[in-house]
Amino acid sequence: MPIALSTWKHGFQPNRITYDAILSGKSALDAVELGARYCEADLTCMSVGRGGLPDATGEVTLDASIMDHDGNCGAVAFVRSYEHVISIARRVMEKTPHVMLAGEGAERFAEAEGFAKTDLLTEKAKALWQEWVRQPDKMHVRLRREEEGEHEYVFVKVGENGAESEISRDIVSKPRNESHDTIGILAMDESGHLAGACTTSGLAFKMQGRVGDSPIIGAGLYIAGGIAAAVATGNGELMMRACSAFHIVEMIRQGAEPEDACEEAILHIRRDKHLTDDMQAGLMVIRADGAWAARSLRPGFQLAAASNRENGTEGANILYNVTADSVTNDK
Ligand code: ASP
Numbered sequence: 002m003p004i005a006l007s008t009w010k011h012g013f014q015p016n017r018i019t020y021d022a023i024l025s026g027k028s029a030l031d032a033v034e035l036g037a038r039y040c041e042a043d044l045t046c047m048s049v050g051r052g053g054l055p056d057a058t059g060e061v062t063l064d065a066s067i068m069d070h071d072g073n074c075g076a077v078a079f080v081r082s083y084e085h086v087i088s089i090a091r092r093v094m095e096k097t098p099h100v101m102l103a104g105e106g107a108e109r110f111a112e113a114e115g116f117a118k119t120d121l122l123t124e125k126a127k128a129l130w131q132e133w134v135r136q137p138d139k140m141h142v143r144l145r146r147e148e149e150g151e152h153e154y155v156f157v158k159v160g161e162n163g164a165e166s167e168i169s170r171d172i173v174s175k176p177r178n179e180s181h182d183t184i185g186i187l188a189m190d191e192s193g194h195l196a197g198a199c200t201t202s203g204l205a206f207k208m209q210g211r212v213g214d215s216p217i218i219g220a221g222l223y224i225a226g227g228i229a230a231a232v233a234t235g236n237g238e239l240m241m242r243a244c245s246a247f248h249i250v251e252m253i254r255q256g257a258e259p260e261d262a263c264e265e266a267i268l269h270i271r272r273d274k275h276l277t278d279d280m281q282a283g284l285m286v287i288r289a290d291g292a293w294a295a296r297s298l299r300p301g302f303q304l305a306a307a308s309n310r311e312n313g314t315e316g317a318n319i320l321y322n323v324t325a326d327s328v329t330n331d332k
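Below is the structure:
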């Protein structure tokens, strides 16, 4: 019963790649890595891999994690100059006794493993960063992805309560489409094995050295073979404090339905005393029997889902908009 789920609109094509890889006989682990690599190389996606937006100092730093059915996992954080961090994370999992390598150590490991160095900062990302640097009070200025024009961004000023006001263009009362673009991919292969991958450049213009939820096993990604696989993304600090991916999988282990497990994880995030109006959390899960669900803190979260149950058509890949109600596909 192959299934693939990927976060956000730019996850649509990676999800297709992941699903097709499974149909062609690849393992869930190989398939999620392939999907993630596609996104890392996609320059139109400005929050994953090469082309990602830089940190406050103008440097692009990448985080990634990968986990398989048997509880093996690998992660890298604060990696500069290497595009395919998901594959470096997999190499950490397969070739070292460790779970995570960060910064220079991770980069030296990548070099020793033969990964090619590359300049991650594109002209477009650099121009947006230069515009951000020029903003007065820039630490309270963020980028927001525009609803139309998939890859267009506007600058917004964030007030103390988290409310946003647009500062560079005069567009009022539009639905928010946050610039959270981490890709998280979950898959189940023909043998029922689960795997997952997360890869990101993290929040745009983050403090130098900041690491988010995506490379943290249990926060951005968690798999328990035979039980469930979960991804969480959005404002990473929320999921790091709540251990959201682990929370969802453990709820399912205790008998919760996928949508109830997501709902419970959202309730937990809602209790975070640092939560503000501009923050988002997007969660998705596949249970071992193939039932899946997704839920978000606020409308605006999207995910691509491919399975033979989507629209009843074998191989259909569908983009879902997650509203305040969960999206569910029961077994
Ligand atoms: N979850 C990511 C992080 O906090 C950001 C994102 O999804 O945009 O690093």
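Numbering (our numbering), first residue to last: 2 to 332.
Backbone N, C-alpha and C fix where the C-beta goes; we use that ideal spot for every residue, glycine too.
Since this is a predicted model, take the numbers as computed values, not measurements.
task: Return the residue from the list V80, P137, A90, P98 that minimises the CA-CA distance to L121.
output: V80
- request: Ignoring anything shorter than 3 residues or poking outside the region 46-126, list the beta strand (DSSP E) runs there in chain order.
  value: 63-68, 74-80, 101-103
field: Per-residue DSSP class, three states only, for G36
entry: helix
message: Let me check one thing: in DSSP terms, what residues is L144 bridge-paired to?
response: F156
- request: Write down every uninterrupted run of the alpha helix (DSSP H) in the region 227-304 whose length is 4 residues or greater and which is fully enclosed by it, in chain order.
  value: 237-243, 245-254, 259-271
- request: State yes or no: is the C-beta of S215 nearer than 7 Å to some heavy atom of the ligand ASP?
  value: yes
field: Any non-hydrogen atom of the ligand ASP closer than 7 Å to D69 Cβ
entry: no
task: Look up A164 in the DSSP assignment and give the residues it is bridged to.
output: In DSSP, A164 forms no bridge with anything.
message: Less than 6 Å between C-beta atoms, sequence neighbours within five positions excluded: which residues of the same chain meet that for H85?
response: R38, E41
- prompt: In or out: P98 buried (at least 16 other Cβ within 10 Å) or exposed?
  reply: exposed
message: I'd like to know whether the C-beta atoms of L239 and M280 end up nearer to each other than 8 Å.
response: yes
- prompt: In terms of alpha-carbon separation, which member of T201, S245, T324 lies closest to H11?
  reply: T201
- request: Return the residue from the list Q136, N236, I228 that minimises the CA-CA distance to I249.
  value: I228
- prompt: Rounded C-beta distance between L6 and I287? I'm assuming under 8 Å.
  reply: 6 Å
- prompt: To the nearest angstrom, how far is it from the Cα of A306 to the Cα of A32?
  reply: 14 Å
message: Taking the beta carbon of D190 as the centre, do at least 16 other beta carbons fall within 10 Å, making it buried, or is it exposed?
response: buried
task: Grab the span of the alpha helix (DSSP H) containing L24 for me, first residue to last.
output: 13-24
Range covered by the beta strand (DSSP E) that runs through V323: 318-323
- prompt: Within the present structure, is the beta-carbon of T234 separated from the nearest heavy atom of the ligand ASP by less than 7 Å?
  reply: yes
- prompt: Helix, strand or coil: which one does DSSP assign to A5?
  reply: strand
query: CA-CA distance, D43 and K118?
result: 17 Å
query: Quick one: what does DSSP say R29 is sitting in, helix, strand or coil?
result: At residue 29 the sequence reads Ala, which differs from the Arg that was named. If DSSP states are grouped into helix, strand and coil, A29 belongs with the helices.
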